[in-house]
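Counting in the working numbering, the sequence shown runs from 59 upward without gaps.
Cβ coordinates follow ideal geometry from the N, Cα and C atoms, glycine included.
Please read all numbers here as calculations on a predicted model, not as lab measurements.
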Amino acid sequence: MNVTMDLIVSLSKRRGFIFQSSEIYGGTGAAWDYGPLGVELKNNIKRVWWRDFVQQRDDMVGLDAAILMQQTVWRASGHVDNFTDPMVDCRECRRRFRADKVDETDWTHYCAATKGNKFTIKAGEPCKHCGERRTLCPECGKGELTAPRQFNLMFKTFMGPVEEEAAVTYLRPETAQGIFVNFDNVLQTTRRKLPFGIAQIGKAFRNEITPGNFIFRTREFEQMEIEYFVNPHEQLDGRPADEAWHDRWIADCRAWFTRYGLDPANVKLHEHAADELAHYSKRTVDLLYRFPMGWSELMGIANRTDFDLKQHAKFSGKSLTWFDEERKEHLVPYVIEPSAGVDRALLAFLLDAYREEQVRGEKRVVLRFHPELAPIKIAVLPLLKKRADIVATCHELRSRLARRWVTLYDDTAAIGRLYRRQDEVGTPFCVTVDVKTVGDADKGESGDGKVTIRERDSMEQIRVPLADLEAVFGRVLDGGAEWAEAAAAYPRSDG
Ligand code: GAP
């Protein structure tokens with residue numbers, strides 16, 4: 059379905075995924091806070107990415123470098139000189155726009171053909187009354203725009219108490235440089251052979267001129283980056299190894315996003331044209347996702363060649379090479395860089411998971427998250443919250459299951475409502491404890507010791523002995539088994 063950004067923003071706030079930063083003070087459109095469910099979802103994305111791309115591969119290691127680095131790092135990397143966007147200012151209202159994006163903004167127009175009436179016109183379109191196109195400030199519709207000037211996107215700050223040039227440093231605008239400057243440390247301590255990669259997940263900061271589209275473009279965000287070092291003199295698949303590895307990483311990254319839930323029809327590749335390439339890149343391919351505002355970058359996969367290691371060797375005076383035993387030569391590896399934004403990945407997973415369905419004449423909102431990404435894995439619900447023995451069994455069960463999976467107890471509504479709430483936050487399984495489970499001591503009836511498991515997507519319910527729960531959830535949540543397969547061993551239940 060076509061999901062609007064407004065719908066996702068509102069669901070995110072209502073259910074505690076994402077809040078505006080400093081909201082009680084009026085908020086900022088450039089930074090966002092992850093709430094109780096958002097932080098679980100975000101941690102799951104990072105955990106699964108780390109497991110799949112670092113821990114399960116024998117050619118990868120991890121790193122967690124400091125955000126604040128020596129200022130020379132940013133001269134060597136080219137960020138001080140090149141990490142800029144062209145920007146224009148309105149001479150009247152002083153608003154600032156990215157020169158290359160100003161025509162993508164809806165614009166305000168005071169139309170001479172209609173006695174100066176004010177209109178808001180769609181980006182790129184002319185006024186249908188006078189035929190004029192935008193020349194003035196799109197926001198106020200009155201001011202002239204200045205000629206473009208280059209604006210550096212790095213946040214500048216000072217190390218220590220003295221605000222002088224020597225103390226200037228920057229909040230890192232990408233995690234990548236922390237990897238390059240540690241190349242030799244990792245090589246010496248791990249004794250790796252090429253090809254191998256170093257991965258890092260962490261915060262990055264960019265003073266974006268026009269942040270927006272919810273968490274798509276913000277000034278503080280997180281990246282999951284890999285620098286994969288290869289020997290450019292080697293041949294792989296009949297081509298230089300860097301080119302072959304580049305294609306492998308593009309395919310692996312695309313497969314990773316679709317494996318965890320993105321519809322393949324919503325993901326496509328974009329090959330950078332020569333004039334789009336960053337100063338360090340030989341070839342860059344972006345993975346685009348069909349966001350509500352149109353196809354936009356989800357992540358980039360660049361061939362950075364030997365640019366960064368050579369630059370850091372030049373600026374630091376340290377050798378950043380690898381010794382090729384076969385050829386008996388020191389060489390500077392080439393680098394393939396898959397670089398993904400955590401927040402953008404989260405937004406894409408959220409959008410793709412959203413469904414509205416009709417169930418018995420009522421609207422059901424459901425987030426069909428991949429079970430590994432779902433913030434809550436299991437909800438334990440009492441059918442009757444007035445029955446102390448049912449509630450006690452639920453609490454016992456919750457703490458038992460919580461040892462292995464994020465498990466929640468909720469008794470604040472009737473069962474139908476509780477199911478809907480869990481659907482709306484994407485919980486794959488609900489466990490319901492009822493009278494049959496515990497029996498009725500007053501009537502001398504003993505319970506059957508079984509509970510109902512309800513699966514989110516099919517809404518199918520099965521009756522399972524309490525003692526079997528870890529085995530069933532172990533299969534579907536950790537073992538990758540399909541629900542239908544795991545459920546087949548148990549009788550269906552009507553609830
Ligand atoms: N080290 C390479 C690098 O940083 P990039 O294309 O500038 O490349 C990589 O950024 C990814 O980081 C993007 O594809 C996007 O997912 C994420 N990203 C970049 N700027 C962002 C911003 N302002 N807000 C949220 N995510 C951002």
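Runs of the alpha helix (DSSP H) lying entirely within the stretch 432 to 511, each at least 4 residues long, are 446 to 460, 473 to 483, 493 to 496 in chain order. The stretch 475 to 489 and the stretch 426 to 436 touch, with three or more beta-carbon pairs separated by less than 8 Å.
Judged by pairs of C-beta atoms under 8 Å, the stretch 65 to 83 does not touch the stretch 356 to 374, as fewer than three such pairs exist. For a cut-off of 8 Å, the C-beta gap from Phe407 to Gly502 is around 51 Å, too long to register as a contact. Counting only unbroken stretches of 3 or more residues, the beta strand (DSSP E) elements lying wholly within the stretch 107 to 195 are 118 to 120, 142 to 147, 154 to 156, 165 to 169, 175 to 179, in sequence order. Just so you know, the alpha carbons of Thr248 and Arg478 end up roughly 50 Å apart. In the three-state reduction of the DSSP assignment, Tyr83 falls in the helix class. Counting the other CB atoms within 10 Å of its CB gives Pro391 a total of 16 or more, which places it among the buried residues. One thing to note: Ala403 has its Cβ no nearer than 8 Å to the Cβ of Asn240. For Val522 and Pro549, the gap between their C-alpha atoms comes out near 8 Å.
Phe263 places its beta carbon less than 8 Å from that of Glu278. For Gly87 and Phe272, the gap between their C-alpha atoms comes out near 8 Å. Counting only the Cα atoms, Leu194 lies some 43 Å from Ile103.
DSSP links Leu327 through a beta bridge to Leu345. Checking the 7 Å criterion, the Cβ of Glu334 is out of range of every heavy atom belonging to ligand 1.
A residue is called buried once 16 or more other Cβ atoms fall within 10 Å of its Cβ, and Cys311 is buried on that count.
For Pro298, the secondary structure class from DSSP, reduced to helix, strand or coil, is strand.
A distance of 8 Å or more separates the beta carbons of Lys340 and Ile125.
Beta-bridge annotation (DSSP): Lys261 is paired with Glu280. Straight-line spacing of the CA atoms in Pro94 and Leu466 works out to 12 Å.
With contacts defined by Cβ atoms closer than 8 Å, Ala257 and Gly120 form a contacting pair. Contact between the stretch 414 to 424 and the stretch 434 to 451 is absent: fewer than three C-beta pairs spanning the two stretches fall below 8 Å. Val491 is a Cβ neighbour of Leu455, given a cutoff of 8 Å. For Leu356, the secondary structure class from DSSP, reduced to helix, strand or coil, is strand. From the listed residues Ile520, Thr163, Leu524, the smallest Cα separation to Ser551 is found for Ile520. Taking each of Val496, Phe427, Arg458 in turn and checking the Cα distance to Val449, the smallest one comes out for Val496. Its Cα nearest to that of Ser504, the residue Lys494 stands out among Lys494, Thr510, Ile511. The three-state secondary structure of Ser374, taken from DSSP, is helix. For Thr363, the number of other beta carbons within 10 angstroms of its own is at least 16, and it is reported as buried. Each of Val146, Met145, Tyr228 was checked against the Cα of Gln129, and the nearest Cα belongs to Tyr228. Three or more beta-carbon pairs separated by less than 8 Å are not found between the stretch 213 to 220 and the stretch 138 to 148, which leaves the two stretches without contact. Under DSSP, Val61 takes part in no beta bridge, so it has no partner. By a beta-carbon distance limit of 8 Å, His304 contacts Ile359. Their separation comes to about 7 Å. Of the other Cβ atoms in all chains shown, 16 or more fall within 10 Å of the Cβ of Leu345; this residue is therefore buried.
Here Glu387 carries a strand assignment [DSSP, helix/strand/coil]. The C-beta distance from Ile394 to Asp300 rounds to 6 Å, short enough to fall under 8 Å.
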